[in-house]
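Q: Take this structure first; my questions come after.
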Amino acid sequence: MNAIDYIKNLINIPEKSITATIKLLSEDCTIPFIARYRKDATGNLDETQIEHILKLNKQFEDIVKRKEAVLKSIEEQNSLTPELKQKIEQSFDLQEIEDLYLPFKKRKKTKADAAKEKGLEPLAKIIMSQKADDVQFLASKYLNENVSSQEEALQGARDIMAEWINENMYVRKNLRRLFQRKAIITSRVVKAKKDEEAAQKFSQYFEWEESLNRTPSHRLLAMLRAEAEGFVRTNIGIDKDEALEFIENAIIKSDNECSEQISLAIKDSYKRLLEPAISNETLQEAKEKADKKAIEIFSENLSQLLLAPPLGEKRILAIDPGYKSGCKVVCLDEKGDLLHNETIYPHAPQNESGMAMKKIRSMVNAYNIQAISIGNGTASRETEFFIKKIGFEKPIQVFVVSEAGASVYSASKIARDEFPSFDVTVRGAVSIGRRLSDPLAELVKIDAKSIGVGQYQHDVDQTLLKNELDSTVMKCVNSVGINLNTASKSLLSYVSGIGEKMAENIVNYRAENGAFEDRKQLKKVPRLGEKAFQQAAAFIRIANSKNPLDNSAVHPEAYSLVEKMAKDLGLKTEDLISNKEKIAEIKPEKYVSDQIGILGIKDILKELEKPGLDPRKAAKVFEFDPTVKKISDLKIGMILPGIVNNITAFGCFVDLGIKERGLVHISQLKDGFVSDVNEVVKLHQHVQVKVTEVDEARKRIQLSMIL
């Protein structure tokens, strides 16, 4: 079996598409590039499908490597028979390969090893054959200086048989199925820690039991976190009698004294070897599924957050609100560069609201401010009310933005490099302002795990999480495209084909040579070769380039084709762009070639209609209920406006404009069954919710979208 056959057996994608995709990936093409510019080759596969093929190809390669290592190890032990070699070579199931390898794995000395050293393996073989009647007499033949009694001989034989039973592939395979279908997960409180305050958030799991295959991902991760923190102990198990009955039926084929010894060996094997190993495998498998589900939710949330509506290039006054330490205020120009910063004290204990109003009004006028961005942390609501009281000379839009991760950014090397002479408070306020003008450009500077839009992100496989989130950021960046002359190193590093080192080279080249004048100039950047240019060129934009196509998603490899289209219509290229009437006259079939197929040409025509169009919607001002300023203002039955600010497997959290977020459980999203929260709501969606429960002591709010 080759990689193509392996992948074809696991996903419903034509072989031609799989082959083309693997070929492109092997040529160092990126997923965004393949999905956007090689549709005709792949049969119009999207990024998700291409990524799936990439993962399965890697999985196949890992299996092949593992088989090679296993075969080499067994061969070095002079134990590789033609039959065993064939079984390993033909298997593409990692679990099966590990089962075949189990008897040959290097391990600590076992009870069975000790019994074999005493010369008891022949006795075990005879008993296992189930043909002897008098096992006591049989055992007496194996007494020696290391074996003093018949019982000791039989015990040694049972130790050897227990190991054989543990290594029996049929037993292990079917026992796994039993666990997968019938395993129960239980969690019990550690009595010594039951009354600790930190344990109370896990009180649901102090006495918990349910079927493992029906346990939602968030609940399993919660139990495992409670166990990791020492508050509960979990266990995975099935009905012991059912398991033993299955193994006995599989192994015992007689009704004599041998069967009694084998039965004892089965009980020992199950308790000491099989049950711990298979239960651990089952839990690990369930944990991997839970990890994937949690990461999938995190990835979807991150994508929605990164693609949140931008305000665009506006002059922004940003405020990081606070009480005692004051509100840090910064003024930014259209490019997000810092023009001015200072601190105001409109709230208690200073209460210098009059002075603060004068300063804000003065800054708005002096720096021609067009919008105000307020962080949604401590004193956010009070700061919003304060700002809205100010009588400005012109209309000023006021936005409340999420400041999640701003403190992480402000203390990062990226922030220090950007603002070496300013402290963390100024950097944090700048981040709050910039994420209003362009959330994507600002949030890529922050470790995705610190943005706070997932569940149990610190409990899942960290390598898998990082890979998925990096992939998500890359998809978002390339779907929007970036301005080559203003993009930060962080943003550039996620452009198809660029990477961190190349991004640094681009920024350095830009600093030394000034703004890029066209896409071709990218090739002058040190170490940026033809392949990197091919992958990156169409995802960057140059606003005032001599060639207007440089500010579009048309790939440079298609420039000559667009020029031919324009010439055929008697137009210049710049006169064809955005000319819907003339573009509609173009017959795509006429321009099909070996280089660009019909799908590619249709994409080009679509792009020519609206070149460089940002797929994101424009930012909108949102108004919270002015009567609700703290949790005590909430009353059951209230219907309030809110913003969805996190999505989990069990529901979504809604910002009501106060410190505490409210939870809309999945069952309260709409009438009827909901299998996926993302089917109903999206991050940053404006929603109407009804307050159904308020627990001030625990600072918990229950909401419903069924009004």
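Numbering (the numbering used here), first residue to last: -7 to 699.
Glycine included, each C-beta is placed from N, C-alpha and C at the ideal position.
Every value quoted in this text rests on a predicted model; they were computed, and no experiment measured them.
Please determine, among S585, E434, K523, the residue with the shortest C-alpha to C-alpha distance to L553.
A: Residue mapping note: residue 553 aligns to position 561 of the sequence shown, counting from 1. Nearest of S585, E434, K523 to L553, Cα basis: S585.
Q: Would you kindly check if the distance between the Cβ of N70 and the Cβ of N293 is under 8 Å?
A: Translated into the one-based positions of the sequence shown, residue 293 becomes position 301. Translated into the one-based positions of the sequence shown, residue 70 becomes position 78. In this structure, N70 does not lie closer than 8 Å to N293 by Cβ.
Q: Apart from the five residues on each side of it in sequence, which residues of its chain come closer than 6 Å, Cβ to Cβ, to L626?
A: Translated into the one-based positions of the sequence shown, residue 626 becomes position 634. Excluding residues within five positions, the ones whose Cβ falls inside 6 Å are V683, V686.
Q: Tell me, please, whether the stretch 51 to 70 touches the stretch -5 to 3 by the rule of three or more beta-carbon pairs shorter than 8 Å.
A: yes
Q: Under the rule that 16 or more other beta-carbon atoms within 10 Å means buried, what is Q527, buried or exposed?
A: By 1-based counting over the sequence shown, the position of residue 527 is 535. Per the 10 Å Cβ criterion, buried.
Q: Could you give the first and the last residue of the continuous beta strand (DSSP E) run that contains A363?
A: On the sequence shown, residue 363 is found 371 positions in, with the first residue counted as 1. It spans 363 to 367 - the beta strand (DSSP E) in which A363 sits, taken as one unbroken run.
Q: Can you find at least 3 beta carbon pairs, one from the stretch 627 to 634 and one from the stretch 661 to 676, that sit closer than 8 Å?
A: no
Q: To which residues of the same chain is L298 closer than 7 Å at the C-beta, ignoring the five residues directly before and after it?
A: On the sequence shown, position 306 is the one that residue 298 refers to. Counting only Cβ-Cβ distances below 7 Å, and skipping sequence neighbours, we find P431, L432, L435, V465, C468.
Q: Taking buried to mean at least 16 other C-beta atoms within 10 Å of its own C-beta, is D247 buried or exposed?
A: Taking the sequence shown and counting its residues from 1, the one referred to as residue 247 is at position 255. So D247 counts as exposed.
Q: Can you list the alpha helix (DSSP H) stretches of 4 or more residues lying completely in the stretch 212 to 299, in chain order?
A: 232 to 243, 249 to 261, 267 to 298
Q: Which residue's Cα is closest to the Cα of S570: I596, L236, L115, G397?
A: Here residue 570 is taken as the residue at index 578 of the sequence shown, counted from 1. Ranking the options by Cα distance to S570, first place goes to I596.
Q: Does DSSP classify K133 as helix, strand or coil?
A: Numbered from 1 along the sequence shown, position 141 holds the residue referred to as residue 133. If DSSP states are grouped into helix, strand and coil, K133 belongs with coil.
Q: Sort out for me which residues DSSP pairs P633 with in a bridge.
A: If you number the sequence shown from 1, residue 633 lands on position 641. DSSP lists Q680 as partners of P633.
Q: Find out if the Cβ-Cβ distance for the pair H547, A529 is shorter than 8 Å.
A: As a working note, residue 547 is residue 555 in the sequence shown. As a working note, residue 529 is residue 537 in the sequence shown. For H547 and A529, yes; Cβs fall inside 8 Å.
Q: Please classify T640: is it buried, with 16 or more other beta-carbons within 10 angstroms of its beta-carbon, or exposed?
A: The count along the sequence shown starts at 1 and reaches residue 640 at position 648. Here T640 is buried, its C-beta having at least 16 other C-beta atoms within 10 Å.
Q: Please classify N368 as buried or exposed, where buried requires at least 16 other C-beta atoms within 10 Å of its C-beta.
A: What you label residue 368 is simply residue 376 of the sequence shown in a count that begins at 1. Buried is the call here.
Q: Less than 8 Å between the beta carbons of V472 and V613, yes or no?
A: Start at 1 with the first residue of the sequence shown, and residue 472 comes out as number 480. Start at 1 with the first residue of the sequence shown, and residue 613 comes out as number 621. It is not a contact, given that the beta carbons lie outside the stated cut-off.
Q: Could you pull out every unbroken alpha helix (DSSP H) segment of at least 4 residues lying fully inside the stretch 568 to 600, listed in chain order?
A: Fully enclosed alpha helix (DSSP H) runs of 4 or longer: 572 to 577.
Q: Would you tell me roughly how many angstroms separate the C-alpha atoms of G425 and R692, rounded to the nearest one?
A: Working through the sequence shown from its first residue, we reach residue 425 at position 433. Working through the sequence shown from its first residue, we reach residue 692 at position 700. Going by the C-alpha atoms only, they are around 30 Å apart.
Q: Are L648 and G634 touching if we call contact CB-CB under 8 Å?
A: The count along the sequence shown starts at 1 and reaches residue 648 at position 656. The count along the sequence shown starts at 1 and reaches residue 634 at position 642. Yes, these two residues count as a Cβ contact at 8 Å.
Q: Label R511 either buried or exposed according to how many other C-beta atoms from any shown protein chain fall within 10 Å of its C-beta, with 16 as the threshold for buried.
A: Counting from 1 along the sequence shown, the entry for residue 511 is found at position 519. With 16 or more Cβ atoms within 10 Å of its Cβ, R511 is classed as buried.
Q: Mark H339 as exposed unless 16 or more other C-beta atoms lie within 10 angstroms of its C-beta, in which case mark it buried.
A: For the purposes of this step, residue 339 is identified with residue 347 of the sequence shown, where counting begins at 1. Flag for H339 reads buried.
Q: Which residues in the same chain as I361 place their Cβ atom closer than 8 Å to its Cβ, once the five residues preceding and following it in sequence are excluded?
A: For this step, residue 361 is matched to residue 369 along the sequence shown. Here the set comprises R307, I308, L309, C323, M355, I388.
Q: Are the Cβ atoms of G654 and Q694 separated by less than 8 Å?
A: On the sequence shown, position 662 is the one that residue 654 refers to. On the sequence shown, position 702 is the one that residue 694 refers to. Yes.
Q: According to DSSP, V392 sits in a beta bridge with which residue or residues?
A: Against the sequence shown, residue 392 aligns to sequence position 400. V392 is bridged to I366.
Q: Tell me K320's beta-bridge partners as DSSP assigns them.
A: Against the sequence shown, residue 320 aligns to sequence position 328. K320 is bridged by DSSP to D312, T335.
Q: So which of K123, N539, P74, R533 has the shortest CA-CA distance to D567?
A: The sequence position of residue 567 within the sequence shown is 575, counting from 1. Of all alpha-carbon atoms in K123, N539, P74, R533, the one lying nearest the alpha-carbon of D567 is that of N539.
Q: Between which two residues does the alpha helix (DSSP H) holding S423 run?
A: Looking up residue 423 in the sequence shown gives position 431. Per DSSP, S423 is one residue of the alpha helix (DSSP H) stretching across 416 to 429.
Q: Looking at C-beta atoms only, is the number of pairs between the stretch 392 to 400 and the stretch 338 to 353 that lie closer than 8 Å three or more?
A: no
Q: So, for P6: in the same chain, excluding its five sequence neighbours on each side, which residues have a beta-carbon less than 8 Å away from its beta-carbon?
A: The residue given as residue 6 occupies position 14 in the sequence shown. For P6, where only same-chain residues beyond five positions count, the Cβ hits under 8 Å are G35.
Q: Can you look up V673 in the DSSP assignment and give me helix, strand or coil?
A: What you label residue 673 is simply residue 681 of the sequence shown in a count that begins at 1. Coil, per DSSP.
Q: Pair every Cβ in the stretch 220 to 234 with every Cβ in the stretch 270 to 281, then say whether three or more of these pairs are closer than 8 Å.
A: yes
Q: Going by DSSP, which residues form a beta bridge with W200?
A: Residue 200 sits at position 208 when you count from the first residue of the sequence shown. BP columns for W200 point to S179.
Q: Inspect the beta-carbon positions of K185 and G222 and report whether they are closer than 8 Å.
A: Numbered from its first residue, the sequence shown carries residue 185 at position 193. Numbered from its first residue, the sequence shown carries residue 222 at position 230. Yes, Cβ-Cβ distance for K185 and G222 is below 8 Å.
Q: What span of residues does the beta strand (DSSP E) with L655 cover, start to end?
A: Residue 655 sits at position 663 when you count from the first residue of the sequence shown. Unbroken beta strand (DSSP E) run through L655: 654 to 657.
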